[in-house]
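Peer 1: Residue numbers are given in the numbering used here: position 96 of the sequence shown equals residue 96, and the series is strictly consecutive.
Note that CB positions come from ideal geometry on N, CA and C, so glycine has one too.
The structure follows.
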Amino acid sequence: MASKTEIDQQKLFLMRSFVQKQDPTSKAVDDVVLKRFLRYRKLDVEKASDSFLKYLKWRQSFVPNGFISESEIPNELSQKKVFMQGFDKKGFPLAVVFNGRHVPVKSKDSLDELKRFLVYSLDKICARCVL
């Protein structure tokens, strides 16, 4: 009988194979990301693969350069509402958000900039994670 770890590895292998057939650019994605989607979908390879491919498609369209540059979000950055504050006891990054400094969105352009700012902030936080 296979152990839980062996089953997880088999499912990860199946997911990676399926995803790479659908989108060859997914080769650059590490196992940690794929495992996150497998856990989210309770180890259902088909559902996890579908969710991951949708995420990848969104990411490629919303962040075509692979990252959001500071020049794309000057108004949001000027509000100084998110700060990195070191790490917690388990080594995860801490971010402090001052909601009172948020200036409400007044146009579609402002909303798009806010969305880009959120992706920028989450990318910065995730980049500091050491797994």
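Could you round the C-beta distance between V130 and G91 to whole angstroms and report it? I think they count as a contact, below 8 angstroms.
Peer 2: Taking the sequence shown and counting its residues from 1, the one referred to as residue 130 is at position 130. Taking the sequence shown and counting its residues from 1, the one referred to as residue 91 is at position 91. Right, the Cβ-Cβ distance comes to about 6 angstroms (below 8 angstroms), so this counts as a contact.
Peer 1: Output the distance between the C-alpha atoms of L111 and E70, rounded to the nearest integer angstrom.
Peer 2: Within the sequence shown, the letter at position 111 stands for residue 111. Within the sequence shown, the letter at position 70 stands for residue 70. Looking at the two C-alpha atoms, the distance is approximately 16 angstroms.
Peer 1: Would DSSP call F117 helix, strand or coil?
Peer 2: Sequence index remark: in the sequence shown, residue 117 carries index 117 (1-based). Three-state DSSP puts F117 in a helix.
Peer 1: Alpha carbon to alpha carbon, how far is P93 from F67? Give it in angstroms, no decimals.
Peer 2: Taking the first residue of the sequence shown as 1, we reach residue 67 at position 67. Taking the first residue of the sequence shown as 1, we reach residue 93 at position 93. Each residue's Cα considered, the two are about 19 angstroms apart.
Peer 1: For the segment 32-49 against the segment 74-81, do three or more pairs of beta-carbon atoms, one drawn from each stretch, fall closer than 8 angstroms, so that the two count as touching?
Peer 2: no
Peer 1: Rounded to whole angstroms, what is the Cα-Cα separation between S121 and F87?
Peer 2: Residue numbering aside, residue 121 sits at position 121 when the sequence shown is read from its first letter. Residue numbering aside, residue 87 sits at position 87 when the sequence shown is read from its first letter. In a straight line, the C-alpha of S121 is about 16 angstroms away from that of F87.
Peer 1: Helix or strand or just coil, what does DSSP make of A28?
Peer 2: The residue labelled residue 28 in the question sits at position 28 within the sequence shown. Helix, per DSSP.
Peer 1: Are there 16 or more other CB atoms within 10 angstroms of the CB of S3, so buried, or fewer, so exposed?
Peer 2: As a first step, residue 3 must be located in the sequence shown, where it is residue number 3. Classification of S3: exposed, given that the 10 Å Cβ count is below 16.
Peer 1: Could you spell out the range, first to last residue, of the alpha helix (DSSP H) harbouring L14?
Peer 2: Along the sequence shown, read from residue 1 onward, the residue named residue 14 stands at position 14. Looking at the DSSP string, the run of the alpha helix (DSSP H) that includes L14 is 4-22.
Peer 1: Sort F117, F13, L114 by Cα distance to V29 and report the nearest one.
Peer 2: Residue 29 sits at position 29 when you count from the first residue of the sequence shown. For V29, the nearest C-alpha among the options comes from F13.
Peer 1: When the Cα atoms are used, what is the spatial distance from K108 to Q9?
Peer 2: The residue labelled residue 108 in the question sits at position 108 within the sequence shown. The residue labelled residue 9 in the question sits at position 9 within the sequence shown. If I take the Cα positions, the gap works out to 44 angstroms.
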